[in-house]
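There are 2 protein chains.
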Amino acid sequence: MPVPASLRFNSGRLAITSSFTIAAPGYSDARLLAAIDRVARRLEARTGLTFARGPASDAAAATLVIQCQSAGKAIPAVDEDESYSLEVSNSQAVMKAPTVVGALRGLETFLQLLGGGADGYSIPAVSIQDKPRFPWRGLLIDIGRHWQPMVVIKRNLDGMAAVKLNVLHLHITEDQGFRIESKKYPKLHQLGSDGNYYTQAEMREIIEYARMRAIRVVPEFDMPGHTTSWFVGHPEIAGKPGPYQIERRWGIFDPVMDPTNEQLYKLLDGFLGEMAALFPDAYMHIGGDEVKGSNWKANPKIQAFIQEKGLKDNHGLQAYFNQRLSKILIKHNKKMIGWDEILHPDLPKDIVVQSWRGQESLAEAAKKGYTGILSNGYYIDLIQPTWRHYLNDPIPENTSLTPEEQRLILGGEATMWSEWVSPETIDSRIWPRTAAIAERLWSPREVKDVSDMYRRLAVISAQLEDVGLLHKKNPAAMMRRLAGSLSGDEYVVETIGKFLYVIEPVKGYKRGAMQNATQFTPLTRLADAALPDSAAARELDKATDELLYYDIKDIFRERGERVTAMLTSWGYAGHTLPRIIEQSPILGEALPLAKDLEEISQIGLEAIKYLNQRNAPSDEWRASKIARLEAAAIPKAAVELAIIQPIKELVIAVAEQEKRKTMSAEEWKKHVKALAAEKKKQ
Amino acid sequence: MPVPASLRFNSGRLAITSSFTIAAPGYSDARLLAAIDRVARRLEARTGLTFARGPASDAAAATLVIQCQSAGKAIPAVDEDESYSLEVSNSQAVMKAPTVVGALRGLETFLQLLGGGADGYSIPAVSIQDKPRFPWRGLLIDIGRHWQPMVVIKRNLDGMAAVKLNVLHLHITEDQGFRIESKKYPKLHQLGSDGNYYTQAEMREIIEYARMRAIRVVPEFDMPGHTTSWFVGHPEIAGKPGPYQIERRWGIFDPVMDPTNEQLYKLLDGFLGEMAALFPDAYMHIGGDEVKGSNWKANPKIQAFIQEKGLKDNHGLQAYFNQRLSKILIKHNKKMIGWDEILHPDLPKDIVVQSWRGQESLAEAAKKGYTGILSNGYYIDLIQPTWRHYLNDPIPENTSLTPEEQRLILGGEATMWSEWVSPETIDSRIWPRTAAIAERLWSPREVKDVSDMYRRLAVISAQLEDVGLLHKKNPAAMMRRLAGSLSGDEYVVETIGKFLYVIEPVKGYKRGAMQNATQFTPLTRLADAALPDSAAARELDKATDELLYYDIKDIFRERGERVTAMLTSWGYAGHTLPRIIEQSPILGEALPLAKDLEEISQIGLEAIKYLNQRNAPSDEWRASKIARLEAAAIPKAAVELAIIQPIKELVIAVAEQEKRKTMSAEEWKKHVKALAAEKKKQ
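Chains A and B are the protein sequences, given in the same order.
Note that this note's numbering gives residue 442 to position 442 of the first sequence, counting from 1, and the numbers run on in steps of one.
Note that this note's numbering gives residue 515 to position 515 of the second sequence, counting from 1, and the numbers run on in steps of one.
This is the structure:
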């Protein structure tokens, strides 16, 4: 994962034993050697074998031979050649790559091919020709709203490299924090960050760490809105007089730069010049999103300026600002990238539009000749299930773009906005879902089998732990913490674990509406310990499908038992939880959910009883159970029960079982699922 | 944990709500304020409440008032006053401490007092007068054999602070690595460390991090043996001509310094002078242990020197070396500390002897007027159960020392020697067992109820995760890694988990005899994922005790079910494991253990059947089952099954059940346990 562009399995396999070696007889450099060492150590950890250290000098005898032709770009770039080929036979694996970057990508593929059998470890014989579908495959991390220390960034860079992502987009400045040292304007970070910022030396360390993994670092300085933290030290560049304080709440706020003020451009020229020297990437992101016009409207000087320059309105003023910014970036040798809003005919064609609006907005830009990347549909902060992101294609099959226009769609970026993530929870919001997005951006469009994706994702998710990610470890620890003074009792922790397993944090922007939080709110509650895309829901869904929609008797019986076992276990967890909550008040908000869980599990079990008795329940039973399930479906404590839908199907299927006889299996499935998907207006 | 010197519970409790504040109206400084902030954040994480930031100005209204009198020593010292008192009433908690150090200790106590109930969080009303029994409560971390990066040291410092340990003893140089930058003799770290060393700036960062938590950092430079890594860059100071290479194996090796060489003292004066400036602690550890005489014996020049100076033998030569060292340390204003071997009448009385030999050796030193600390019995690398360390008292009840001599026993240190620990596994070897050692060294001697200790330890262990320790997280991830390509299958991972739960790594020095390992061996196998002091063993032991030795019928029935459930579940794990092993070769070594587990579980279940039927098995049955259990008790793959003993008791109890009628419950228990403890000669 991601699936290679072309992959053929041949017969045989290459044994991986303690005599495993890697030779790099072609072009080689420190970056390649470091990658070889990291891969060898990961292979050792997984196999328990000890290999000889360092690259092998005898290529003919080496297990894996890497034939690299060149270093690749000195600075990771969007037009990097990332291709490689890998031929594995019984006796040797040979990787060929035009650049070290291609070799790095190929090494991750090699590692993923490792398999184990009765006779030990091996790599299957394969012929792989691989290269990415899109050149821009990114992850945005918002370090503005919630600060993320270096260790978080580094382990996520390792995770990115493992799934062949190649752009770390750092959202560095926000209303809630200015996170980079400016030597020219030190009040920016000194007063705008609570001391949580990267020094330039630290940022160089991150950039180098990324470069070693062939990952670009694109910095974003969001302007002219989202800039409260700038104004704490420099109120003079704001559209409204100060003083300002760092924003602690979440939302879209009024503070905005004053584009009519020449002092602003002087500061931006100085600051962005400094940043242009710090960040080697060709692109610089200027944000440009969600500008509220209120402070511009209220400022007569600004309104007079709009009149005077014939800018029409606030939108025109922002376009003016972007043009000025564009000149500053050009002066400092950077190409501009910004959100949809920046798009304006006066800007040069080499800017990149990052679309939070969607494929259509992106296609429109492409038709005007602008390059773009997609982020709509990859908003991992919104807690959508993986398959949604996975099926979200930057260039959908039915695209109206010409092949030439399609080439302007450079790729996409998963966006980790950080209102609701702390260093403790961020990994579990990014991973493993982002691995599926990485596959969407690397692999051919045709690779889109959702159940196969989930099967592979489960394996990759465990492997991502080996590079230091905490997406599984931290939620487990949070679960223990939620047990409070009962954390020493294994049974209590297990019960909380079962409960967390069947819930998901609320999706979209619901949490903000349900919980009143600031930058200081501890993110250690139910909604933080719960994971996106509940595996329990998928598990129950699958078992229920097999129980209800297949006719094979054995499966029926076995799956009936499986569904019964799941519901019994979860129902019991719901039943037990209130006694735990009594001693762990942080879980108090889970009380109604525990009751819901107990009761909906009971409903499912009753339905199975009817099913086994071939006995139809009364209409009252059906109506009351559906009503109860719909009440249980209402989010509480910023989480929702993820297993409602398959239980609804059980209820409907037993209630409608007479109709089963009149339908084909397929019709029956559609019929039940459609009824179950209906929702009463709430 | 540790239990305070004096603790009285009063009636009532202090509510902890979102209006919680801490005021520090007495002496205050950056160290106190940082500790207050850390404690407030931990309290927020555990309660989910959001508190106002910063210390409160209105002491009368604050929830917790800290009355501190002074900063304490500028450099953490062995004679620091660490005492504090804490009075908690319904309306307020008041802590008084002569020094900030005492307040830091008290804050950890405060945090541990947090409880939850139906009406929310609270601290019980208590009166606590607390101070440590011993002033030197340490943890040794060996960064020589296996390098441990800064992040490992920092999170362990936080763990230490949480249980009131106050000395981090860094074992910095070893045959396998020279881990500190020397600006005067850069070849030492450049050639002796594979690049894995602390720069002086990094070490200062560690020392400051420790100081902020009122923890001393005592550096150890082990000499004249254990010094191979020194000689890679400086062969001229060795007792045998070079060249030398960094040692990769484990053991006690021949390379040793040449005490007859004046160049050696010149280098040591320079290097230790540099280190004396870097490490502010009053003490410097010179090791001095395990000097093999071979290279001295084989060197005629050295033998001639011994003759000439009348030093008698190699031991005399080491004493000579230590005297020279002692002068260098005195010159650089440091007191000497070393292992038992350094003890020699010529050394000044203010040296400290660290005893790996035991209480008697320590007492002898005290009788001669030397101060000492105990490490024998606290060797956490030897995988002993917690209770052994816990009951190991530096001054046993029956001590022959006078009160004055007793004062020379300063405390003790847990020793984390690192042959078998990587950054991934080290936390699970240190924690939670070291928390029990911390209690031994802080709390009164009379606090020694083992089962109460285990109850509290389970809670503390979960809380230690909150300061960043990975002792629970990492073993869980290693378990997933062991599942290999099946890691996506929850059932597989659970089965491996059950298996790991009932095994322990072999104890003492057995692993080295069973596995041929070097510094490069990946520590990701069975023995690395297994945990010391199996909770499963304690659980089965307790359930078996209640089943066999109590007469109350209800307990009998319930516990019979409990034992049956445990054995059934473990037996099934043993039965299933071979199929998992087929696809995950790293687990191959577990195959005989899986068979053992399946069969011994079956034996236990058979015994319970006999017990329930009040039916005595045949002598053949007994003999063959005991033999099978003893075969299963033989360690394999550097692990051992931890549940043999209670199953043996089951077998013996049913075989001997006729005798039950002739004995009191107590006699019967003794009788069965004694027979079960017998081992055939192997």
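The beta-carbon is built from N, C-alpha and C at its ideal position, and this holds for glycine as well.
Closest by C-alpha distance to residue 415 of chain A, when choosing among A:371, A:355, A:466: A:355
So, at 7 Å on beta carbons, what are the nonlocal neighbours of residue 660 of chain B in its own chain, with the 5 sequence-adjacent residues on each side left out? 668, listed in sequence order.
Let me see if you follow: with CB-CB separation under 8 Å, is residue 271 of chain A close to chain B or not? no
At a CB-CB cut-off below 7 Å, which residues of chain B make contact with residue 583 of chain A? 116, 117
Which of the three DSSP states is assigned to residue 370 of chain B in this structure? coil
Helix, strand or coil at residue 585 of chain B [DSSP, three-state]: helix
Tell me, which residues are paired with residue 409 of chain B by DSSP? Per DSSP, B:372.
I'd like to know if residue 134 of chain B contacts chain A, where contact means its C-beta is closer than 8 Å to some C-beta of that chain. no
Run of the beta strand (DSSP E) containing residue 258 of chain B, from where it starts to where it stops: In the DSSP assignment, residue 258 of chain B falls outside any beta strand (DSSP E) and carries neither an H nor an E.
Simplified DSSP assignment, three categories, for residue 682 of chain A: Its pLDDT being 43, under 50, residue 682 of chain A is placed unreliably in this model, and the value from its coordinates should be taken loosely. Looking at residue 682 of chain A - three-state DSSP - the assignment turns out to be coil, as it is neither helix nor strand.
Using three-state DSSP, classify residue 144 of chain B as helix, strand or coil. coil
For chain B, find out if any of its Cβ atoms is closer than 8 Å to the Cβ of residue 50 of chain A; answer yes or no. At least one chain B Cβ lies under 8 Å of residue 50 of chain A.
Cβ of residue 89 of chain B within 7 Å of any heavy atom in the ligand NAD? With respect to the ligand NAD, the structure offers nothing, as it holds no ligand at all.
Assign residue 407 of chain B to one of two classes, buried (16 or more other C-beta atoms within 10 Å of its C-beta) or exposed (fewer than that). Residue 407 of chain B is exposed by the Cβ-count criterion.
Can you check the segment 523-572 of chain A for any alpha helix (DSSP H) of at least 4 residues that lies completely inside it and give the ranges in chain order? 526-529, 535-549
Going by other Cβ atoms of all chains shown within 10 Å of its Cβ, with 16 needed for buried, is residue 499 of chain B buried or exposed? In this structure residue 499 of chain B is buried. Its beta-carbon is surrounded by 16 or more other beta-carbon atoms within 10 angstroms.
Below-8 Å beta-carbon distance, residue 472 of chain B vs any chain A residue: Chain A, which has a Cβ nearer than 8 Å to the Cβ of residue 472 of chain B, makes this yes.
Tell me where the beta strand (DSSP E) around residue 335 of chain A begins and ends. Segment 335-339, the beta strand (DSSP E) holding residue 335 of chain A.
Cutoff 8 Å: residue 521 of chain A Cβ touching any chain B Cβ: yes
According to DSSP, simplified to helix, strand and coil, what is residue 500 of chain A? In the structure shown, residue 500 of chain A adopts helical secondary structure according to DSSP, grouped into three states.
Buried/exposed call for residue 199 of chain A, threshold 16 Cβ in 10 Å: exposed
To the nearest angstrom, report how far apart residue 725 of chain A and residue 175 of chain A are at their CA atoms. Shown here, chain A extends from 1 to 682; a query on residue 725 of chain A therefore has no answer.
On the three-state DSSP scale, how would you describe residue 460 of chain A? helix
Collapsed DSSP secondary structure at residue 116 of chain B in the structure displayed: strand
Please tell me whether residue 546 of chain A has its Cβ less than 8 Å away from any Cβ of chain B. no
Excluding the 5 residues preceding and the 5 following residue 723 of chain A in the sequence, name in chain order all residues of the same chain whose CB lies nearer than 6 Å to its CB. Examination of residue 723 of chain A is not possible in this model, given that chain A is present from 1 through 682 alone.
So, with DSSP's three-state summary, where would you put residue 285 of chain A? strand
At the 8 Å Cβ level, is residue 586 of chain A part of the contact set with chain B, yes or no? At least one chain B Cβ lies under 8 Å of residue 586 of chain A.
Where residue 20 of chain A falls, given that 16 or more other Cβ within 10 Å makes a residue buried: buried
Report the neighbours of residue 485 of chain B on chain A: residues whose CB is nearer than 7 Å to its CB, in chain order. 115, 116, 459
Residues near residue 290 of chain A by beta carbon distance below 6 Å, same chain, minus five either side: 225, 252
Span of the alpha helix (DSSP H) holding residue 619 of chain B? 619-632
Starting from residue 435 of chain A, follow the alpha helix (DSSP H) in both directions and report where the run begins and ends. Annotation: the continuous alpha helix (DSSP H) that includes residue 435 of chain A extends over 433-442.
Specify, as a first and last residue, the run of the alpha helix (DSSP H) that residue 45 of chain B falls within. 30-47
Assigned exposure category for residue 534 of chain B - 16 Cβ within 10 Å defines buried: So residue 534 of chain B ends up on the buried side.
Using the three-state DSSP reduction, which class does residue 121 of chain A fall into: helix, strand or coil? strand
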